[in-house]
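See structure below.
Numbering (the numbering used here), first residue to last: 53 to 246.
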């Protein structure tokens with residue numbers, strides 16, 4: 053897939069709000085600071101003008117942000133789960149909003165991001181269980197793979213698949229730094245958005 057146009061289409065900040073359009077939606081889900089914003093910018097080919105704001109501080113994405121890609125689908129950046137420098141009630145409101153969204157029939161599919169350097173957390177497992185329960189097709193993107201080498205990388209990839217009970221065909225190794233996995237993830241997103 054060639055990215056010809058990307059437009060910010062809007063944000064949702066509370067459950068029940070209308071979506072910004074009727075195009076298929078591919079959501080990006082993952083822990084805070086797993087690399088969602090960096091993945092969006094790399095995936096969309098944005099090196100100078102960044103669509104998604106990148107921060108070293110967790111919890112910067114506070115709404116469901118919709119990016120219209122090629123006039124064909126929305127890429128939806130979800131707030132991260134886990135650690136964020138916000139009060140518990142704010143974090144809880146994000147979780148309610150994301151849970152509502154995932155169960156609403158909005159997303160055609162979800163790309164679940166997991167940091168390749170660490171074992172999946174209970175929160176990662178819970179999110180994947182929720183996605184399975186609501187029947188949303190899911191692809192797992194292992195982020196930050198440029199920080200792993202050889203046998204260690206292979207071992208951690210196999211461990212993630214085993215821990216999450218998923219096939220390796222559902223996993224794409226991705227690096228925002230090197231661009232590894234970009235074309236594979238674009239192909240998966242294109243197929244899922246049909």
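Where is the CB? At the ideal position from N, CA and C, for every residue including glycine.
query	result
Through-space distance from residue 164 to residue 182, alpha-carbon basis	12 angstroms
Complete alpha helix (DSSP H) runs within the stretch 166-246 (minimum length 4 residues, chain order)	174-186, 202-216, 234-244
Outcome for residue 102 when other beta-carbon atoms lying within 10 angstroms are tallied against a minimum of 16	With a pLDDT of 49 at residue 102, under the threshold of 50, the modelled position of that residue is not reliable, and the figure given next carries that caveat. Answer is exposed; the Cβ neighbour count stays below 16.
Contact under 7 angstroms by Cβ, residue 122 with residue 227	no
Coarse secondary structure for residue 145, derived from DSSP in three states	helix
Cα-Cα separation between residue 155 and residue 59, rounded to whole angstroms	25 angstroms
Contacts around residue 106, its chain only, beta-carbon distance under 6 angstroms, and the 5 residues preceding and following it disregarded	With a pLDDT of 48 at residue 106, under the threshold of 50, the predicted position of this residue should be treated as unreliable, and no value is reported.
Helix, strand or coil at residue 90 according to DSSP, with G and I counted as helix	helix
Residue 130 - DSSP class collapsed to helix/strand/coil	coil
Burial state of residue 199 (16 or more Cβ within 10 Å)	exposed
CA-to-CA distance, residue 193 to residue 157, given in whole angstroms	22 angstroms
Short Cβ contact (7 angstroms threshold) for residue 127 with residue 55	no
C-alpha gap between residue 161 and residue 244, whole angstroms	6 angstroms
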